[in-house]
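Participant:
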Amino acid sequence: MGFGVNVNHCYSGFSAGNGYKVYPNPTDDVLNIEFEHTEELPEEIALFNSVGEKVAEADMKQKAKDMEFQAQKKITFDVKKLPKGTYYLHIVSKEQVDKKQILIGISSSTSH
Numbered sequence: 001m002g003f004g005v006n007v008n009h010c011y012s013g014f015s016a017g018n019g020y021k022v023y024p025n026p027t028d029d030v031l032n033i034e035f036e037h038t039e040e041l042p043e044e045i046a047l048f049n050s051v052g053e054k055v056a057e058a059d060m061k062q063k064a065k066d067m068e069f070q071a072q073k074k075i076t077f078d079v080k081k082l083p084k085g086t087y088y089l090h091i092v093s094k095e096q097v098d099k100k101q102i103l104i105g106i107s108s109s110t111s112h
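Counting from 1, one number per residue, gives the positions in the sequence shown under UniProt numbering.
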């Protein structure tokens, strides 16, 4: 018996059920997670490399109290210093874990 994980490669707008968008993807310098509203934020947002090591995370409890975040409704990860490669953004809510594939320093048209 197997199982699968649904991985979306990019978002261009707010996801209907999730209320956030992730952009740009691929990226070279910053990764933005923008929320439609801030009433129901995820419990955790973290970026993992291809071997499962956490390379960045946002303190969502702190963000909920941050006036600048409340105004902008956006989290930005600086990814300039991360090695080129495929990463996975985990957005953890009470109901589910959304996993998004993020390409850093790799053009979407690059072939291996």
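Don't be surprised by glycine CBs; every beta carbon is placed ideally from N, CA and C. Keep in mind it's a predicted model, so treat the numbers as computed, not measured.
#1: Three or more C-beta pairs under 8 Å: does that hold for the stretch 95-110 against the stretch 51-63?
#2: Does DSSP put K99 in a helix, a strand or coil?
#3: Would DSSP call E39 helix, strand or coil?
#4: Considering only DSSP beta bridges, list what residue 125 is partnered with.
#5: List the endpoints of the continuous alpha helix (DSSP H) containing I68.
#6: How many Å lie between E39 and Y87 at the Cα?
#7: Just to confirm, are I106 and I45 a CB contact at a threshold of 7 Å?
#8: Give the straight-line distance between the Cα atoms of K63 and K84, rounded to the nearest whole angstrom.
#9: State the Cα-Cα distance for the pair D28 and L82, rounded to the nearest angstrom.
Facilitator: Considering the structure as presented:
#1: When Cβ pairs closer than 8 Å are counted between the two stretches, the stretch 95-110 is seen not to touch the stretch 51-63, the count staying below three.
#2: strand
#3: coil
#4: The chain is shown from 1 up to 112; residue 125 falls before or after that span and cannot be answered.
#5: For the record, residue 68 in the displayed sequence is Glu; it is not Ile. First-last of the alpha helix (DSSP H) with E68: M67 to Q72.
#6: 28 Å
#7: Going by C-beta atoms, I106 is not nearer than 7 Å to I45.
#8: 28 Å
#9: 9 Å
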